[in-house]
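Down below is the structure, laid out as structure tokens.
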Amino acid sequence: MNTTGEAGTGTGTEIDVLRVFCAGDGSHGNALGVVREGRVHPDEASRQALAKELGFSETVFVDDPERGIVDIYAPGLRLPFAGHPLVGAAWLLDLEVICPPAGEVWVRGDGEFTWIEARAAWVPPRTLRQYASAAEVDALEVPEPGEWIYAWAWEEEAAGRIRARAFPGRGDGIDEDEATGAAALLLTERLGRALNIRQGRGSQLLTAPGPDGIVELGGRVRLERTLMR
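Take the sequence shown: its position 150, counted from the start at 1, is 163 in my numbering, and no numbers get skipped.
Structure below.
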């Protein structure tokens with residue numbers, strides 16, 4: 014891995030900005046902020062304020078880089094588990110285990126992909142809404158806030174290829190999520206098979222069901238930049 018990008022100007026909190034679940038050419042992926050020195054923001058209120066200021070779908074605060082203890086925030090709430098923050102933080106910190114509030118998550122590398130093992134039971138409820146074609150998913154308008162919707166359709170069912178879009182519906186400024194690992198876990202559990210998901214503008218998520226309610230989730234990660242707040 015894992016080099017450091019150019020730092021922004023100013024003083025304060027250093028934040029690595031990653032793209033998680035990138036396409037094969039390194040494009041797309043969901044933006045993620047990682048605060049390696051979580052102690053700079055020791056309380057929930059200051060972490061929530063920074064996550065809101067940054068405006069990424071999630072921001073991770075690293076409380077213990079050796080043991081992999083992390084805390085995850087969306088702009089409007091704290092999350093016990095989320096997929097793309099854990100894949101991204103595990104890649105950045107080069108960890109074998111990462112520990113959000115939901116529980117212990119094992120990590121492995123496989124060439125250009127970083128994989129985590131997690132339980133679909135950790136994911137908050139989502140509406141998984143199937144459509145007849147990828148074109149129908151592409152044509153969807155962003156719905157009104159209220160329901161967390163993961164819209165999907167088969168692109169090639171025999172090959173496990175899926176087209177998906179995600180609408181968190183929280184009213185926190187994230188109208189559409191570019192790549193959603195947690196929802197991919199739920200869909201994999203429902204379908205009971207490995208999936209190759211194209212989400213958002215072109216992000217790629219890979220999944221595979223495992224034993225005892227475990228689902229593997231994998232994707233590419235790149236460091237986009239480092240900034241200061």
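Backbone N, C-alpha and C define an ideal beta-carbon position, used for all residues, glycine too.
In the DSSP assignment, Glu170 falls outside any beta strand (DSSP E) and carries neither an H nor an E. Listed in chain order, the alpha helix (DSSP H) runs fully inside the region 74–137 are 96–106, counting runs of at least 4 residues. Look at Glu229 here: in three-state DSSP terms it is strand. Restricted to the region 144–194, the alpha helix (DSSP H) segments that are unbroken, complete and at least 4 residues in length are 147–151, listed in chain order. Between the C-alpha atoms of Gly81 and Arg49 there is a straight-line separation of about 11 angstroms. Collapsing the DSSP output to three states places Ser40 in coil.
For Ala152, the number of other beta carbons within 10 angstroms of its own is below 16, and it is reported as exposed. In the three-state scheme derived from DSSP, where H, G and I count as helix and E and B as strand, Ala58 is classed as helix. Contact annotation: Phe94 and Pro78 have beta-carbon atoms that are not nearer than 8 angstroms.
A residue is called buried once 16 or more other Cβ atoms fall within 10 Å of its Cβ, and Ser70 is buried on that count. Pairing Leu219 with Gly194 gives a Cβ-Cβ distance that is not under 8 angstroms.
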